[in-house]
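Participant: Once you've had a glance at the structure underneath, I'll fire off some questions.
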Amino acid sequence: MEKGLISVDRWAEGSQAYFLTHLHSDHTHGLTSGWSHAPLFCSPLTAKLLPFKFPSFDLSLLRILHPGASHTLTLPSTVLHVTAIDACHCSGSIMLLFRGDFGCVLYTGDFRWEATCERAANARHVLRHALQNVPVVDVVYLDNTYSNPIYDFPPRHVAAQKVMDIISSHPDHDVIIGINTLGKEDLLIEISRALQIKIWVWPERLRTMHLLGYHDIFTTNTSLTRVRAVPQYSFSIETLEALNAMRPTIGIMPSGLPWIKKSLQKNEFLSGSFLTSRYKRGKWSANSEAQTDEQIGNIGSPEKIHEYMYTVPYSDHSNYEEIEEFIKLVQPIRLKGIVASSSCYIEPMYYFGRLCRVDQQTQLLREGHKRKENCKREREGSVRSKTSLGDVNVETGRDRGKALKGRFSGVRLSRFSILRRTHRGAKIHEYNSSDQE
Ligand SMILES: [Zn+2]
Numbered sequence: 001m002e003k004g005l006i007s008v009d010r011w012a013e014g015s016q017a018y019f020l021t022h023l024h025s026d027h028t029h030g031l032t033s034g035w036s037h038a039p040l041f042c043s044p045l046t047a048k049l050l051p052f053k054f055p056s057f058d059l060s061l062l063r064i065l066h067p068g069a070s071h072t073l074t075l076p077s078t079v080l081h082v083t084a085i086d087a088c089h090c091s092g093s094i095m096l097l098f099r100g101d102f103g104c105v106l107y108t109g110d111f112r113w114e115a116t117c118e119r120a121a122n123a124r125h126v127l128r129h130a131l132q133n134v135p136v137v138d139v140v141y142l143d144n145t146y147s148n149p150i151y152d153f154p155p156r157h158v159a160a161q162k163v164m165d166i167i168s169s170h171p172d173h174d175v176i177i178g179i180n181t182l183g184k185e186d187l188l189i190e191i192s193r194a195l196q197i198k199i200w201v202w203p204e205r206l207r208t209m210h211l212l213g214y215h216d217i218f219t220t221n222t223s224l225t226r227v228r229a230v231p232q233y234s235f236s237i238e239t240l241e242a243l244n245a246m247r248p249t250i251g252i253m254p255s256g257l258p259w260i261k262k263s264l265q266k267n268e269f270l271s272g273s274f275l276t277s278r279y280k281r282g283k284w285s286a287n288s289e290a291q292t293d294e295q296i297g298n299i300g301s302p303e304k305i306h307e308y309m310y311t312v313p314y315s316d317h318s319n320y321e322e323i324e325e326f327i328k329l330v331q332p333i334r335l336k337g338i339v340a341s342s343s344c345y346i347e348p349m350y351y352f353g354r355l356c357r358v359d360q361q362t363q364l365l366r367e368g369h370k371r372k373e374n375c376k377r378e379r380e381g382s383v384r385s386k387t388s389l390g391d392v393n394v395e396t397g398r399d400r401g402k403a404l405k406g407r408f409s410g411v412r413l414s415r416f417s418i419l420r421r422t423h424r425g426a427k428i429h430e431y432n433s434s435d436q437e
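The UniProt record's numbering numbers the first residue of the sequence shown as 1 and each following residue consecutively.
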């Protein structure tokens, strides 16, 4: 067992404290109702929802981090400071800024910070304020879901309007919308308010909505509304075809995933998302009005992918431009993607390394060179004591990077896969001197 300090969205034994950014299942993989390893820190909303997902969870292990506030935590081996910041991803989601004798680490979790979003502006303000107390952010663990310039989709309020336009233009249709067990609440509330209509949700989702404080908008009575939000896993062309045998029904899938900026040219890098997009399009569009790759360039518009099915680019993850702005704001030394296996994964340093304090390519080359030099010196018997790795008071990026290399280990990332979002998280090690980048 590795001896660790803290873990974020990762639940293996051996850390002194555990942090949960939000309750989506790819971040809770490994967490159970019988959790007993150590205190678990999360936002107030996540703490409220967590016992619903994990019924017999020992609530005495829950610790609340208020978004916007800085907290000092005394752990068995050290003291660290953590600031929780609204991630604007789903209800209760936070990003976490850690400071301690290991340096400074920002873990974004999943986040969407639109340029025009007031909540995101407040979150940016909190982050800017917190960053005033640190000389440099050593590592950003980044939501790299759409960290590729092919991903360009509009702010959520624009996409929400598209959803409402589709519903309004089908006044005699039933409408089903695919959602997860958490998230997209704002979209549903906007639809409800604009169209003066209740939204049907399944019983567990209704309970979640009540826990979130939405008591009047949602119902489990199908006779009260023609708009139903259903679990994404039950959302398929086959279901829609079966429903249409009884009543005219359309389906709307709000997601950023199928939306790419343009079709790829011959020699461009072929991303996993492109494959997934083509895969889904092919799967859903048999005998239908499928669009060709050349037609995909119509960004921000709903796409009719089947006679009864629309997709709308409503995403709870930042698009490429928003991620770029985020990196410009933080200017870290290093970036690590948190998506372990994703259709759209690309190493974030590939596009954003140029925005880091020390150009990452250059730094990696330097480190590679340094490692070789160290090995050489070790062989020659002249290497210095390993305790020099603990000198975190050195302020320059180069040396801080060197100190951190002994203490952090991120998730192992597979570079290319069409499987999406199977696991996330990071473990921050206290005494581990091996580099597991
Ligand atoms: Zn999420």
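We put the CB at the ideal spot given by N, CA and C, even for glycine. Quick caveat: nothing in here was measured; it's all calculated off a predicted structure.
May I ask whether a heavy atom of ligand 1 can be found less than 6 Å away from the beta carbon of Asp110?
Facilitator: Answer for Asp110: yes, Cβ within range of ligand 1.
Participant: Taking 7 Å as the limit, name every residue whose beta carbon sits nearer than that to some heavy atom of ligand 1, in sequence order.
Facilitator: Output, sorted by chain position: His22, His24, Asp26, His27, His89, Cys90, Ser93, Asp110, Gly183, Asp316.
Participant: Cβ of Thr74 within 7 Å of Cβ of His81?
Facilitator: The answer is no: Cβ separation not under 7 Å.
Participant: Measuring straight from C-alpha to C-alpha, what distance separates Gly68 and Glu118?
Facilitator: If you take the alpha carbons of Gly68 and Glu118, they lie about 14 Å apart.
Participant: Helix, strand or coil for Ile166? Go by DSSP, reduced to three states.
Facilitator: Helix at Ile166.
Participant: Jot down the residue ranges of each uninterrupted beta strand (DSSP E) in the stretch 26 to 60, minimum 3 residues, whole runs only, in chain order.
Facilitator: Within the stretch 26 to 60, the complete beta strand (DSSP E) runs of at least 3 residues are 40 to 42.
Participant: What residue range does the beta strand (DSSP E) around Pro254 cover?
Facilitator: Start and end: 249 to 254.
Participant: If you check the beta carbons only, do Arg237 and His306 fall under 7 Å apart?
Facilitator: Note on residue identity: the sequence assigns Ile, not Arg, to residue 237. Yes, these two residues count as a Cβ contact at 7 Å.
Participant: Mind reading off the beta-carbon distance from Lys336 to Val139? Whole number of angstroms is fine, and I expect it under 8 Å.
Facilitator: Lys336 to Val139, Cβ: 6 Å. Contact.
Participant: Rounded to the nearest angstrom, what separates Ala120 and Met246 at their Cα positions?
Facilitator: Spanning the two alpha carbons is a distance of roughly 43 Å.
Participant: So is Asn144 buried or exposed if we call it buried at 16+ other beta carbons inside 10 Å?
Facilitator: Classification of Asn144: buried, given that the 10 Å Cβ count is 16 or more.
Participant: Going by DSSP in three states, Ile327 sits in which element: helix, strand or coil?
Facilitator: Three-state DSSP puts Ile327 in a helix.
Participant: Bridge partners of Val175, per DSSP?
Facilitator: Bridge partners of Val175: Val227, Ile250.
Participant: Give me the Cα-Cα distance between His125 and Thr83, rounded to the nearest whole angstrom.
Facilitator: So the two alpha carbons sit approximately 12 Å from each other.
Participant: Tell me whether the beta-carbon of Val227 lies closer than 7 Å to the beta-carbon of Ile199.
Facilitator: Contact: yes.
Participant: Please confirm if the stretch 144 to 155 is in contact with the stretch 208 to 216, defined as three or more CB-CB distances below 8 Å between the two stretches.
Facilitator: Judged by Cβ distances under 8 Å, the stretch 144 to 155 makes no contact with the stretch 208 to 216, as fewer than three pairs qualify.
Participant: So residue 443 is in the alpha helix (DSSP H); what residue range does that whole segment cover?
Facilitator: Examination of residue 443 is not possible in this model, given that the chain is present from 1 through 437 alone.
Participant: Name the two residues that bound the continuous beta strand (DSSP E) containing Tyr233.
Facilitator: No beta strand (DSSP E) holds Tyr233; DSSP gives it neither H nor E.
Participant: Taking the beta carbon of Tyr314 as the centre, do at least 16 other beta carbons fall within 10 Å, making it buried, or is it exposed?
Facilitator: Buried, because 16 or more other Cβ atoms sit within 10 Å of the Cβ of Tyr314.
Participant: Is Val137 near Val330, with beta carbons less than 7 Å apart?
Facilitator: Yes, Cβ-Cβ distance for Val137 and Val330 is below 7 Å.
Participant: Looking only at C-alpha atoms, which of Gly178, Pro55, Ile64 sits nearest to Gly34?
Facilitator: Ranking Gly178, Pro55, Ile64 by Cα distance to Gly34 puts Pro55 first.
Participant: Taking its Cβ as the centre, do 16 or more other Cβ atoms sit within 10 Å of Gln16, making it buried, or is it exposed?
Facilitator: Buried: at least 16 other Cβ atoms inside 10 Å.
Participant: What are the start and end residues of the alpha helix (DSSP H) that includes Val137?
Facilitator: Element bounds for Val137: n/a, residue is neither H nor E.
Participant: Tell me the residue span of the alpha helix (DSSP H) that contains residue 439.
Facilitator: No information on residue 439 is available, as it lies outside the stretch 1 to 437 that the chain covers here.
Participant: By DSSP, does Ile85 sit in helix, in strand, or in coil?
Facilitator: DSSP places Ile85 in strand when its eight states are reduced to three.
Participant: When the distance is taken between beta carbons, is Leu182 closer than 7 Å to Leu23?
Facilitator: Yes, Cβ-Cβ distance for Leu23 and Leu182 is below 7 Å.
Participant: State the CB to CB distance for the pair Leu127 and Ile85, rounded to an integer number of angstroms; the pair is presumed to be in contact (CB under 8 Å).
Facilitator: Correct: roughly 5 Å between the Cβ atoms.
Participant: Are the CB atoms of Arg112 and Ser318 within a distance shorter than 7 Å?
Facilitator: Their beta carbons are under 7 Å apart, which means Ser318 touches Arg112 by this criterion.
Participant: What is the residue span of the beta strand (DSSP E) that residue 511 lies within?
Facilitator: Here the chain comprises residues numbered 1 to 437, so residue 511 is not present and cannot be evaluated.
Participant: Just how far apart, CA to CA, sit Ala38 and Met309?
Facilitator: Their Cα atoms are separated by approximately 46 Å.
Participant: Alpha carbon to alpha carbon, what distance is there between Tyr214 and Ala87?
Facilitator: The straight-line gap from Cα to Cα measures roughly 21 Å.
Participant: Run the CB neighbour count on Pro332, radius 10 Å, all protein chains shown included, and call it buried at 16 or more, exposed below.
Facilitator: By the neighbour-count rule (16 or more Cβ atoms within 10 Å), Pro332 is buried.
Participant: I need the straight-line Cα distance from Ser91 to Ile179, nearest angstrom please.
Facilitator: When rounded, the distance between both Cα atoms is 13 Å.
Participant: Would you identify the three-state DSSP class for Thr239, choosing helix, strand or coil?
Facilitator: Three-state result, Thr239: helix.
Participant: In the DSSP assignment, what residue or residues form a beta bridge with Gly100?
Facilitator: Partner(s): Gly103.
Participant: So, helix, strand or coil for Glu322, using DSSP?
Facilitator: In the structure shown, Glu322 sits in a helix (DSSP, three-state: H, G or I).
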